[in-house]
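Undergrad: Under the numbering used here, the letters of the sequence shown match residues 334 to 629, in that order. For every residue, glycine included, the Cβ atom is placed at its ideal position computed from N, Cα and C. Given the structure is predicted, the values throughout are model-derived calculations rather than measurements. The structure is given below, and queries will be raised subsequently.
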Amino acid sequence: MSESIALIGAGAMGGAIGRRLAETGNSVHVFDLNPDNMTALAEVGAFPTASAADAASKADYIITSLNSPKIVDLAVFGSAGVAEGARKNALIIDMSSIDPAATRDLAAKAKEHRLRWVDSPLSGGAPKALIGELTLMAGGTEEDFEDAQKVLKHVTANSTHMGPVGAGQTTKLINQVLCGLGFLAVAEATQLALDAGVDAAKIPQALKGGRADSSLLQEYMPRFVTKDYRRTGRIDNMVKDLNGAQDLARATGTAMPLTATCAEVHRMLTAAGLGGEDQAALMEYFKGPQSQKDPV
Numbered sequence: 334m335s336e337s338i339a340l341i342g343a344g345a346m347g348g349a350i351g352r353r354l355a356e357t358g359n360s361v362h363v364f365d366l367n368p369d370n371m372t373a374l375a376e377v378g379a380f381p382t383a384s385a386a387d388a389a390s391k392a393d394y395i396i397t398s399l400n401s402p403k404i405v406d407l408a409v410f411g412s413a414g415v416a417e418g419a420r421k422n423a424l425i426i427d428m429s430s431i432d433p434a435a436t437r438d439l440a441a442k443a444k445e446h447r448l449r450w451v452d453s454p455l456s457g458g459a460p461k462a463l464i465g466e467l468t469l470m471a472g473g474t475e476e477d478f479e480d481a482q483k484v485l486k487h488v489t490a491n492s493t494h495m496g497p498v499g500a501g502q503t504t505k506l507i508n509q510v511l512c513g514l515g516f517l518a519v520a521e522a523t524q525l526a527l528d529a530g531v532d533a534a535k536i537p538q539a540l541k542g543g544r545a546d547s548s549l550l551q552e553y554m555p556r557f558v559t560k561d562y563r564r565t566g567r568i569d570n571m572v573k574d575l576n577g578a579q580d581l582a583r584a585t586g587t588a589m590p591l592t593a594t595c596a597e598v599h600r601m602l603t604a605a606g607l608g609g610e611d612q613a614a615l616m617e618y619f620k621g622p623q624s625q626k627d628p629v
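So this is what it looks like as structure tokens:
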């Protein structure tokens, strides 16, 4: 059964979500400040709109995919925002990655407008969204989570209800700690292999199925070797998420020394002008003379 969905935010991630939803037969009403992003989705059957309020007025479900709590707040509660046009009891599914405390505040504000809220950040990036294989971690009531699946089933292979509003965002921060450390570990290991004269391109196959194997190893070591920086994510977005994890760690008294180091590396690259690059650009941190030895 197709659903009527408003999509607010059609950048790299939101655009992929919108494309998948349109291609699986849903009625997608999209609003983005960049007209080109709406045009791209119109080519696959989505309907561009004049404002977030306009998009929301045409839908039972509203997906937001935005970059910060402030932007989500403006898009939902600002002038010509979602709250102005949304139907009573409509469900907002926030697929942005923002901090848990801000999410709880936004959900409370939505309740005042007679709107429901599920935070459903994701893992897998645009490539997984396009084939309907995202991993989602959600916060909200059990009833709202189940309702959200009518829409989210089109883009996800794994969706887990983690608890009340904010629990999804907390889980996403944990996901980002694991991803950030994983990217950095694979980049560091790649550089060691290159400097030691080992054919690093063979390492993913050599370690496949072993305890060191992972999807990050299989996808990213070949990209690190060839310096394939095609963008599927952004270093500065990882900075945002690792900052959020560190804020949560301070609030909970959790020691996270590895995360602190990982965050600093990402900040250094952002300061060097590489914030808009893919995680593959972590190799720039390890620039230096490479061994001319034959492979051992």
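1. Quick test of your reading: V510 and A533, contact by CB under 8 Å. State the CB separation rounded to the nearest angstrom.
2. So V451 is in the beta strand (DSSP E); what residue range does that whole segment cover?
3. Return the bridge partner residues of G472 from the DSSP annotation.
4. Return the first residue and the last residue of the alpha helix (DSSP H) that H446 is part of.
5. If the criterion is Cβ atoms closer than 8 Å, does the pair I536 and A529 meet it?
6. Using CA coordinates, which residue listed in E521, T587, A578 and E376 is at the minimum distance from K620?
7. Under the rule that 16 or more other beta-carbon atoms within 10 Å means buried, what is M334, buried or exposed?
8. For the beta strand (DSSP E) that contains V363, what are its first and last residues?
9. Should E610 be labelled buried (16 or more other beta-carbon atoms within 10 Å of its own) or exposed?
10. Can you find the residues in the same chain that come closer than 8 Å, C-beta to C-beta, to M495, ignoring five residues on each side of it along the sequence?
11. Tell me whether S624 sits in a helix, a strand or coil according to DSSP, three-state version.
12. State the DSSP-derived secondary structure class of L424, mapped to helix, strand or coil.
13. Can we say the segment 548 to 558 touches the segment 598 to 613, given the rule of at least three CB pairs closer than 8 Å?
14. Quick check on I338: does DSSP put it in helix, strand or coil?
15. Mind reading off the beta-carbon distance from H487 to T357? Whole number of angstroms is fine, and I expect it under 8 Å.
16. Exposed or buried, which one is D561 when buried takes at least 16 other CB atoms within 10 Å?
17. Which of the three DSSP states is assigned to A416 in this structure?
18. Does DSSP put V629 in a helix, a strand or coil?
TA: So, from the data block:
1. So it is not a contact: roughly 25 Å between Cβ atoms.
2. Note, V451: beta strand (DSSP E), R449 to D452.
3. D452 and G496
4. No alpha helix (DSSP H) contains H446, which DSSP labels as neither H nor E.
5. no
6. Residue E521 is the option with its Cα nearest to K620.
7. exposed
8. S360 to F364
9. buried
10. For M495, where only same-chain residues beyond five positions count, the Cβ hits under 8 Å are M470, A471, G472, G501, T503 and T504.
11. Because S624 sits at a pLDDT of 38, beneath the cut-off of 50, its placement in the model cannot be relied upon, and the following sentence gives the value as read from the coordinates. Note: S624 maps to coil in three-state DSSP.
12. strand
13. Touching, yes, given that three or more Cβ pairs across the two stretches are closer than 8 Å.
14. In the structure shown, I338 sits in a strand (DSSP, three-state: E or B).
15. 4 Å
16. exposed
17. helix
18. With a pLDDT of only 37 at V629, under 50, the local geometry of the prediction cannot be trusted, and no value is derived from it.
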